[in-house]
Structure formats: C-alpha cells, structure tokens
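The numbering of the sequence shown is the numbering used here, which starts it at 1 and goes up by one. Glycine included, every Cβ here is placed at the ideal spot set by N, Cα and C. Taking it in order: structure first as structure tokens, then the write-up.
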Amino acid sequence: MKRYFPFLVILVILVLTFLFPSVEFKKSGDPHFNTGDIAWMLMSTALVLIMTPGLAFFYGGMVNKKNVISTMLQSIVCMVIITVLWGIFGFSLAFGDSIYGIIGNPSTYFMMKGMLGNATWKAAPTIPLLLFAMYQLKFAIITPALITGAFAERIRFNSYIIFLCLFSIFIFSPLAHCTWHPDGILAKFGVLDFAGGTVVHMSAGWAALASAIYLKRRNEANHSPARITYVMIGTGLLWFGWFGFNAGSAFGANALAVTALATSTTASAAGGITWIFFDMLRGRKPSAMGTCIGAVVGLVAITPAAGFVTVPHSLAIGIISAVVSNLVVEWRTRTSIDDTLDVFPCHGVGGMVGMLLTGVFANQHVNAGNTTGNGLFFGETHLFLVQLVALVCVSIFSFFGSLLLLKITDMISPLRVSAEDEVLGLDISQHGEKL
1 MKRYFPFLVI LVILVLTFLF PSVEFKKSGD PHFNTGDIAW MLMSTALVLI MTPGLAFFYG
61 GMVNKKNVIS TMLQSIVCMV IITVLWGIFG FSLAFGDSIY GIIGNPSTYF MMKGMLGNAT
121 WKAAPTIPLL LFAMYQLKFA IITPALITGA FAERIRFNSY IIFLCLFSIF IFSPLAHCTW
181 HPDGILAKFG VLDFAGGTVV HMSAGWAALA SAIYLKRRNE ANHSPARITY VMIGTGLLWF
241 GWFGFNAGSA FGANALAVTA LATSTTASAA GGITWIFFDM LRGRKPSAMG TCIGAVVGLV
301 AITPAAGFVT VPHSLAIGII SAVVSNLVVE WRTRTSIDDT LDVFPCHGVG GMVGMLLTGV
361 FANQHVNAGN TTGNGLFFGE THLFLVQLVA LVCVSIFSFF GSLLLLKITD MISPLRVSAE
421 DEVLGLDISQ HGEKL
C-alpha cells in the first residue's frame, strides 16, 4: 500500500484539475496594473526561486561526499512538492479570508480560483493577484528547505517529504497569515517583518533545532565538507536571489525596493567581513566557509528590517548578527545538539537578531507603511516591545509545533535511516546515486 499511495495522491490531484478548472473572470472597475511593477515582480519571483538551488549548493558543499546528492535533493524537492500544495490550497491557507487572524480559509483560492481578470492583493494593487501568489510561493518553497541542514545525513527521504508537507501546512502557512495578511493577529499587533525574518527564518531555525534534538546525533562524528567551492557558488546564488527576496517585498519598482536592495547587500557584506575578522580575533584563519556563512547570516538578519531601516543601520545589523551567530555556533559545538549545518545558530538566531534590531533601528521616514512607530534608537519603546513579544510567541509555536509534527511523521514513517544506511551514505541508500 505504501508503494501505491503516493501515486494515488497524484491521481486525486489530476481529478481535481478537471473538477475545478478555475476559469472565473473578475472584472470590477478599471485595472490599475503598472507594467514596471509587473516586470520587477516577475523578475523578483525568478530571483527568489533561484535561492533554493543556491541553498542546495550551499548545504550540499558542507556535507560529506556520500550525502551531497541527498542533501541537495532535499532542497530541490521542495520546489516541486510545495508548488503543487500551494496551487491547490496552500496560498489560500496563507492569504485566504482570515479565520480569527490565525489561518486563511482554504476555500478562498482553492485550486487558484479567482486569479483571472484584474484581481489584485490589497498590499500589491498594481500587480495581478496570480503574480503575487507566485511570488509568495517562492517563500513557501525555501522555508522548509532551510530546515534540511539540521538533519542532513540521517533522515529518510520518504519521511522527509511527509514532514515537509506538514510543516508547510501547519507552521509556515499560519505564520505567513498571521504576519502578512492585513487581518492576521501579528499584523494587527503591529509586528514588522518586511520579507520573512519571522515567517521564514525564525520558523525554519526553530524547526531545525527541534529536528536536531528529535533525530539525535549522527552515528559518525566526523564532518568533512565535500566541496567548499559548492558553498561559495551557493552563497553567490543566495545573495543574488536575495535581492528578489527583500527588494521584491516592496511589491513594485519603487524607492522602497531600492532601499531594501541597498540595505540587503550592505548587511550581507558587513556580516561576511565581520565573521572572518571575528574568527581572526579568536586566533583562527580567515576561511572561505566563514566568509560565506557570515554573508548569509547578514542577509538573514536584514530580511525583517530591509524596508524599514537605513544603510548605516543595515551595516550595524550585519555586524551584530555575525558576532552573535558566530558565538552561538561555538556554543552549539559544545553541546550534544547535532545541528549538522548550524541552521539554528545562523538562520534561527540570525532571524531573531534581525527581528529585535528592526525594533531598534526602524524609522518611519524610511517606510511610511510602518504605522507601529520608530525603534529604540530613536527613543521609542513600543515597536521594540511588539517585536519582542512576537519573537517569544513565534519561537514557542515554531519549536513545539515542529516537535509535534516530527513525532507525527515518525509515527507514520520512521524518520531516521538505519545505522547501516547512514554509514553507506544517503546518496546510495536513499536514491541509488553517487557522485
């Protein structure tokens, strides 16, 4: 039955395509589409998508050679699975009519209905609704892919697919709705998350910590990166794609997008140089790996703040986040937690630092859409307290929710590979392939 069930799911989806063709056409008033905004958002959508192959290289280069294909595939498979889920009901869960500010109504955009004509999203009135949906899809894709670095080299592929689906439905979608839907409880509370520090990086980081704890340590303690050159290629792709991630979250070719692009690249640069200088301060050699990790940490930390802070403060965010994450990586190595690729110290902690520093450095002159207030740096406390409360709530929800989903997945299909398969390597044992 286990062999037949996955294909039966595909057949059900095929039937749904015939039952729900989604040809409804919306025509209400004059469309206000802006071709420049549409062009930029089409480009941004493509940019964010390339981040997932970039992440595959970034993670794939860090693991042992016998696990490179498996690790990279865990990212790539998100592109196919999450896209299908998103088209059926995932977008509706995240952005459908609000149910108590917690989750969207799955029927609102079921099978992408209501996408034709001049339908738009409230926060992006100059682009078609379908383009907004496809842009947000790319965030839904990369979020669970980020988690894979925590349980790399020891998870069964089939079980991972189950967890991937559960995480997308029960963790990512509610957080996206709460934070980015106008009627979401975090949005109404005044939380600022420009491009996903809370929704993407904190949720993935806490899920990574839960995964590392639940799956326990690998049987082989040694860890030698297969291809540091892969890590460098992945970093380049991530940095490149992050311009769509952050600047695209302005939802138009406008001055706010320029600000987000500028703060993103400066924070990344500051994070990269700070990581290697901090390593040198502690008596270590400046490394390619450290430079790449620092640059990505800077990008993670600036994500929630990108459209709310100035360039000088983006430099501060990159520097502070790199030091904090570096210290947490060092702390993690002295514990029994086997977060294989340090997803929690880099993405989880980086996201939390960025979340709090948004509450420190945000200024309403940067973004008039910030109605919560200015940050601590400017003498106001309200925004910082809002960010702090949201950080605590999201952390609890993401960590314990992920633990529960891991347990449910393990009951359906064992999560860990056998000791023999782990020694053999996941490339061969799970996929019958090797480098």
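{"Item": "Which complete alpha helix (DSSP H) runs does the stretch 195-239 hold, if anything under 4 residues is left out?", "Value": "203-215"}
{"Item": "For F378 versus L237, is the C-beta spacing smaller than 9 Å?", "Value": "no"}
{"Item": "Comparing alpha-carbon positions, which option in A269, T291, A253 lies nearest I38?", "Value": "A253"}
{"Item": "In terms of residue numbering, what span does the alpha helix (DSSP H) encompassing R332 cover?", "Value": "311-333"}
{"Item": "Where do the N-terminal and C-terminal ends of the alpha helix (DSSP H) with Y160 fall, by residue?", "Value": "157-167"}
{"Item": "My output table needs one value for G283: the three-state DSSP class, helix, strand or coil.", "Value": "coil"}
{"Item": "On a CA-only basis, which of D338, R156, N370, G369 is nearest A210? Give me that one, please.", "Value": "D338"}
{"Item": "Report the option in L261, V353, T52 whose CA atom is closest to the CA atom of L137.", "Value": "T52"}
{"Item": "Mind checking which residues open and close the alpha helix (DSSP H) that includes M289?", "Value": "288-302"}
{"Item": "Are the stretch 95-110 and the stretch 4-12 touching, with three or more C-beta to C-beta distances below 8 Å?", "Value": "no"}
{"Item": "Around the Cβ of E422, are there at least 16 other Cβ atoms within 10 angstroms (buried) or fewer (exposed)?", "Value": "buried"}
{"Item": "Determine, using beta carbons only, whether N158 and S429 come nearer to each other than 9 Å.", "Value": "no"}
{"Item": "Pull up the CB-CB distance for H177 and L93, whole angstroms please, since I reckon it's below 8 Å.", "Value": "7 Å"}
{"Item": "Could you tell me the distance, in whole angstroms, from the CA atom of G432 to the CA atom of E153?", "Value": "15 Å"}
{"Item": "Need the endpoints of the alpha helix (DSSP H) that R22 sits in, please.", "Value": "Checking the sequence shown, residue 22 turns out to be Ser, not Arg. Careful: S22 lies outside any alpha helix (DSSP H) and carries neither H nor E."}
{"Item": "Given N498, which residues of its chain have a CB within under 7 Å of its CB, disregarding the five upstream and five downstream residues?", "Value": "For residue 498 there is no data in the structure shown, the boundaries of the chain being 1 and 435."}
{"Item": "Using C-beta distances below 8 Å, list every residue in its chain close to M355, excluding the 5 sequence neighbours before and after it, in chain order.", "Value": "D193, G197, T198, M202, P304, Q387, A390, L391"}
{"Item": "Could I get the ranges of all uninterrupted alpha helix (DSSP H) runs contained in the stretch 12-82, with 4 residues as the minimum, in chain order?", "Value": "35-60"}
{"Item": "At the level of alpha carbons, what is the spacing between L55 and K113?", "Value": "32 Å"}
{"Item": "Under the rule that 16 or more other beta-carbon atoms within 10 Å means buried, what is V349, buried or exposed?", "Value": "buried"}
{"Item": "Taking the C-alpha atoms as reference points, what is the distance between I102 and P225?", "Value": "41 Å"}
{"Item": "Can you say whether F18 is buried or exposed, counting buried as having 16 or more other CB atoms within 10 angstroms of its CB?", "Value": "exposed"}
{"Item": "Let's test the definition: count the other Cβ atoms within 10 Å of the Cβ of R334 and tell me whether it reaches 16, buried, or not, exposed.", "Value": "exposed"}
{"Item": "Determine the direct distance from the alpha carbon of I127 to that of G36, and round the result to whole angstroms.", "Value": "9 Å"}
{"Item": "Would you identify the three-state DSSP class for L415, choosing helix, strand or coil?", "Value": "coil"}
{"Item": "Per DSSP, which one or two residues make a beta bridge with G104?", "Value": "S98"}
{"Item": "Check whether the Cβ atoms of A204 and F151 lie closer than 9 Å to each other.", "Value": "no"}
{"Item": "So I141 and M111 are supposed to be a Cβ contact under 8 Å. How far apart are they, rounded?", "Value": "Actually they do not touch by this definition, with Cβ atoms about 19 Å apart."}
{"Item": "Check whether the Cβ atoms of L175 and P144 lie closer than 9 Å to each other.", "Value": "no"}
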